[in-house]
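Only one structure is covered here, and it is reproduced in the block below.
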Amino acid sequence: MKNAITLILLFACSQLHATEITIPEALKQNLISLTVTGIDYKSDSVYVSSFYGPCINLRVKNISKTLVNLYEAPGRLLMPDDTDQQTIMMSEVIAITLQPGQEVKKRVRGFCTEAHDGAPNINTQFSFGSMASAHLLNLSKLINEKKIYDYTAQQAVWCLSDDEDPAYIYSDDDTAGASVLRKFVCKEKGIQYTAIPRVNKESPRLRYIEGQFDYTIQKPKTISLKVYNQSGQLVKNIVDGLLQPAGDYTYKYDFTMPLNDPSQPDQFIVVKFYMNGQLLSNSKHVLTQAH
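If you want it as structure tokens, here you go:
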């Protein structure tokens, strides 16, 4: 009896594994319906990139009469219906189990592989393409493993897809993660890795911002620095509610700002400086000039 139960369990496990299928194969077998689009970055109170990170909306429905287990490894390319827009490389594992008739909506993380093309938007329709080339595929696996989904990972992708300088791969928030990515990219490109200084040259869709506030505190107070774009969306919390004792201070800040549409004129951000919750000062940074 024990052997019989073991055989049944092994058979059940093998059947479960056999039903695991990629999304392109499930489409081919008419098991699912699928819609893949970009995101509406203007609708949220927080500004997000439309070309890296959680920039893809996926809606999938099981149209068969059986259970469907979908699995996608990092590295699948999403091809836009508009060839002037960017191809996106998915960079996380997707595992979805669908009962018959069940529909799932999911935000998927990915990265642009064409720095100089237009960024996707909510109207962009994507289809599933092939897996990325070897170098990008290896990078997507590393991104998924290390869970680095910010602009440093995007710069790493562009270093391989658009031959950008590895010195662009830099982060004040995660220097260790940036170093891992930079070392990996140098290895993939066959160039020597050195602890290079940050390159502040602007990439096609990223702007480097820096500045400082000088201030005096007479007694202990909290400070906050928040970044907003011209639409009033929160871009970044540089520091939030930091308690400082009395004294003279200089707070220097720098960060990288993604631009979903660099061709749009008169884009700017405002860094607002708060003390004990009250706005004390602000600094405007112009991102794009009028044509």
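Here the numbering used here is used: the sequence shown runs in plain steps of one and ends on residue 1245.
Ideal placement from N, C-alpha and C gives every residue a C-beta, glycine not left out.
Boundaries of the beta strand (DSSP E) in which residue i is found, first to last residue
i       : result
ALA1073 : First-last for ALA1073: undefined, no H or E at that position.
GLN1166 : 1160-1171
ASN1011 : 1006-1016
GLU1057 : 1057-1066
ILE1097 : Not the beta strand (DSSP E): ILE1097 falls in the alpha helix (DSSP H), residues 1088-1100.
GLY1083 : 1080-1085
TYR1103 : That residue, TYR1103, is in no beta strand (DSSP E); it is neither H nor E in DSSP.
GLN1232 : 1232-1240
LEU1021 : Element bounds for LEU1021: n/a, residue is neither H nor E.
PRO1034 : 1030-1034
Residue i versus residue j: straight-line alpha-carbon distance, rounded
i       : j       : result
GLN1146 : LEU1096 : 19 Å
ALA1049 : LEU985  : 16 Å
ARG1159 : VAL1181 : 18 Å
TYR1228 : ASP1128 : 25 Å
GLN1221 : GLN1243 : 7 Å
LEU970  : ILE977  : Confidence at LEU970 is low in this model, with a pLDDT of 42, below 50, so the placement of that residue is unreliable and no value is reported for it.
SER1185 : HIS1070 : 24 Å
VAL1000 : VAL1189 : 6 Å
ALA1086 : ARG1030 : 6 Å
PHE1005 : ALA1130 : 23 Å
GLY1231 : GLN1198 : 14 Å
LEU1241 : ILE1123 : 20 Å
GLN1109 : LEU1233 : 34 Å
ASN1075 : MET1043 : 15 Å
GLY992  : ARG1161 : 22 Å
ILE1102 : ASP1119 : 19 Å
TYR1169 : ASP1202 : 6 Å
ALA972  : HIS1089 : Its pLDDT being 44, under 50, ALA972 is placed unreliably in this model, and the value from its coordinates should be taken loosely. The straight-line gap from Cα to Cα measures roughly 29 Å.
LEU1021 : LEU1091 : 29 Å
GLN1218 : SER1018 : 45 Å
VAL1014 : ARG1136 : 35 Å
THR1037 : PRO1028 : 22 Å
HIS1134 : CYS1009 : Here residue 1134 turns out to be Val, not His, going by the sequence shown. Taking the straight line joining both Cα atoms gives about 23 Å.
PRO1151 : ALA1121 : 7 Å
THR1176 : HIS1239 : 24 Å
GLY1144 : ASN1183 : 39 Å
For residue j and residue i, believed in contact at Cβ under 8 Å, the rounded distance
i       : j       : result
PRO1212 : SER1003 : 4 Å
PHE1065 : MET1033 : Going by Cβ atoms, the distance from PHE1065 to MET1033 rounds to 15 Å, so no, they are not a contact pair.
LEU1114 : VAL1139 : 6 Å
ASN1236 : VAL1225 : 6 Å
LEU1093 : GLU1142 : 7 Å
THR1148 : ALA1132 : That pair is no contact at about 14 Å.
GLN1039 : GLY1072 : 5 Å
GLU974  : TYR1025 : 5 Å
LEU981  : LYS1060 : With a Cβ gap of about 16 Å, LEU981 and LYS1060 do not count as contacting.
THR1051 : ASN1023 : 5 Å
ASP1116 : THR1078 : Their Cβ separation, rounded to whole angstroms, is 20 Å, which puts ASP1116 and THR1078 out of contact at 8 Å.
SER1157 : TRP1112 : 7 Å
ASP998  : GLN1172 : Contact flag wrong, Cβ pair sits at about 38 Å.
N-terminal and C-terminal residue of the alpha helix (DSSP H) that residue i is part of
i       : result
ALA1049 : ALA1049 -> not in any alpha helix (DSSP H); beta strand (DSSP E) instead, spanning 1048-1052.
GLU1118 : Where GLU1118 is concerned, there is no enclosing alpha helix (DSSP H), given that its DSSP letter is neither H nor E.
LEU1135 : 1129-1143
beta-carbon residue i near the ligand HEM non-hydrogen atom, thresh 8 Å
i       : result
PRO1212 : Only the bare structure without any ligand can be found here, which leaves the ligand HEM out of the picture.
Secondary structure, beta strand (DSSP E): runs of 3+ residues fully inside the segment 971-998: Correct list: 986-991.
Contained beta strand (DSSP E) runs [length at least 3] in the segment 1176-1229, N- to C-terminal order: Whole beta strand (DSSP E) segments, 3+ residues: 1188-1198, 1201-1212 and 1222-1229.
contact_flag[the segment 1097-1116, the segment 1053-1072] where n(CB pairs < 8 Å) is 3 or more: These segments touch.
At least three beta-carbon pairs within less than 8 Å, the segment 1189-1209 to the segment 1164-1172: Taking 8 Å as the limit for Cβ pairs, the verdict is that the segment 1164-1172 does touch the segment 1189-1209.
At least 3 beta-carbon pairs within less than 8 Å: the segment 1039-1057 vs the segment 1188-1196: Fewer than three Cβ pairs drawn from the segment 1039-1057 and the segment 1188-1196 lie within less than 8 Å of each other, which leaves the two stretches out of contact.
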